Each structure stands twice: as C-alpha cells, then as structure tokens.
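One structure is given here, and the rest of the page talks about it.
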Amino acid sequence: MNDIHETIKDIKSKFRLFMNGTVSQSLRDKGMKYKVIFGIEYPRLKEIASAYKPDHALAQALWKEDIRECKIMAGMLQPAETFYPEIAEMWMDDMSCPELAEYAVMTLFQRLPYASEVVFRWIADDREYFRLCGFLLMTRLLANNLKLDERAEAEFTDQAFAAVEGDSAWIKRAASASLCKLALQSRMQAKKMMKLLGPLQKSEKPEVAAAAREIKNEIEYSL
704 MNDIHETIKD IKSKFRLFMN GTVSQSLRDK GMKYKVIFGI EYPRLKEIAS AYKPDHALAQ
764 ALWKEDIREC KIMAGMLQPA ETFYPEIAEM WMDDMSCPEL AEYAVMTLFQ RLPYASEVVF
824 RWIADDREYF RLCGFLLMTR LLANNLKLDE RAEAEFTDQA FAAVEGDSAW IKRAASASLC
884 KLALQSRMQA KKMMKLLGPL QKSEKPEVAA AAREIKNEIE YSL
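Number 926 marks the last residue of the sequence shown (the numbering used here); no jumps.
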C-alpha cells in the first residue's frame, strides 16, 4: 500500500507541473464538481500514464481520489482482465460528469472481455450514467464491427430511439452516434435506418425532429 501511496504522490507531482488554471476554471464553470481539477488535456495525461505499468490496485486507488485527472488516468492504468462487472457498476454509480463517462469508455470499457454482454443491460438501465456509458460503448463496439443479430438489433434500436426522444442531451447525443455507427455498417443498414428515422423527423418535439435530421445527415455524409 505504501508503494501505491508513493506512486500516487509521484503522479500528482507531475500533474502540478502541467496544471492549467484557465482550463481548470473553464471546466468548473461547466459544472464539474471535483475537489481538484488540474486542467490537464488528454494527450498530456496519456503521456504521463505511459510512465506507469497498468496495475489494478493503483487504478482503483486513483479512482477513489476526488481529482479529475486521477479518475481519467485510472481508466488508462486499469487492467481489463481484473475489472469485473461489479467494479464497472461501482464506477458508473460514482460518475458525476459526462466527460468522465466518455474517457472511461474510451480507455477501459471498450477493452473489457465482457463488453458486448453488458452493453445491452447498460443501455436499458434507468440510471443516467449506466445508459450514457452503454450508448458510448455501443458506438465503439459497432465501430469495431460488432454484428448484431435481428433480435439484438431490434432491442438496441428500440432503446436508442427512446433515448433520442428522451430528456438527457448527453444520452440523446450518445444514442444518436450509436445509431449512425449501426447504419454505416452496410448500405442495407443505412437504408433500414433511414426508414426508421422517417417518423422521428416528423415529431412534434422540435429537438427530436432536429436530432433525427442530424442522424440522417450524418449517415448521408458518411456513405
């Protein structure tokens, strides 16, 4: 434990070297409520993390720190093979800003051996950060050519369209991105998605119709 304590002290000392007060204040103005925000950009965090060997105990200790950069780096240093589903759920329960969800999915969740098994459970969950992580994860899995059978595809599109019609802007955006990735897997998928988007484009809710048009435009632009 002493070794982990010393390693975290060393990591924090490097954070202080690269702290950016302007970025830190900007993140606070956007609503981030961490005890400490160093304001370090992702490429620099990745560079700092590269000096340390992935380690479960270290990553878990970093996650417990109420420091933005520690939590982001935790995902970088956590070995996928020891990150069990119950730990993933604890992390999602602990999230308080969409940025952290995005980084956790990018650096860790998409590497999990059980990612394709839990993603459907997460997108169907009532908890905000479970759903957000679920759609962010689905986007990455589909981009990596995850193939859905007919039943799985129907379940996913039902959840995604419900999210597009929902109130959370972050979840709406993540669900929209995942629908785009599914559509771009093939021309047949794109055609099917365009048909599904039809009713949404005529929604009486302006924000829903706008989201549907954005998805349609993204698909057309990317084909």
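Even for Gly, the Cβ is constructed at its ideal location relative to N, Cα and C. Keep in mind it's a predicted model, so treat the numbers as computed, not measured.
Which one of the options has the shortest CA to CA distance from residue i?
i: Ala912; options: Lys717, Lys894, Glu868, Ser889; result: Glu868
i: Ala877; options: Phe721, Leu845, Pro902, Ser727; result: Leu845
i: Thr810; options: Ala886, Val821, Gly778; result: Gly778
i: Met841; options: Asp829, Tyr832, Gln813; result: Gln813
i: Leu849; options: Lys875, Arg830, Leu900, Tyr817; result: Tyr817
i: Asn920; options: Ser906, Met896, Glu907, Gln728; result: Met896
i: Pro902; options: Gln892, Arg731, Ala893, Arg916; result: Arg916
i: Arg747; options: Leu839, Cys800, Met776, Ala764; result: Met776
i: Ala754; options: Ser729, Leu885, Asp713, Arg771; result: Asp713
i: Leu839; options: Arg854, Phe823, Leu851, Asp852; result: Phe823
i: Glu910; options: Ser871, Arg719, Lys884, Leu887; result: Ser871
i: Phe864; options: Ile918, Lys756, Glu709, Ile770; result: Ile918
What does residue i pair with, by DSSP beta-bridge criteria?
i: Ile922; result: Per DSSP, none; premise fails for Ile922.
i: Ile770; result: Val739
Hey, could you find the ends of the alpha helix (DSSP H) residue i is sitting in?
i: Pro801; result: 801-810
i: Phe864; result: 853-867
i: Ile790; result: 788-797
i: Thr785; result: Neither: Thr785 is in no alpha helix (DSSP H) and is coded neither H nor E.
i: Gln728; result: 724-732
i: Arg876; result: 872-886
i: Pro746; result: 745-752
i: Gln813; result: Counting along the chain, Gln813 falls outside any alpha helix (DSSP H), and DSSP gives it neither H nor E.
i: Lys898; result: 890-904
How should residue i be labelled, buried or exposed, when 16 other C-beta atoms within 10 angstroms of its C-beta is the threshold for buried?
i: Ser889; result: exposed
i: Lys875; result: buried
i: Met795; result: buried
i: Gly734; result: exposed
i: Ser881; result: buried
i: Tyr787; result: exposed
i: Tyr924; result: exposed
i: Gly837; result: buried
i: Lys767; result: exposed
i: Leu815; result: buried
i: Arg719; result: exposed
i: Leu835; result: buried
In chain order, which alpha helix (DSSP H) runs of at least 4 residues are fully inside the segment 823-850?
831-846, all fully within the segment 823-850.
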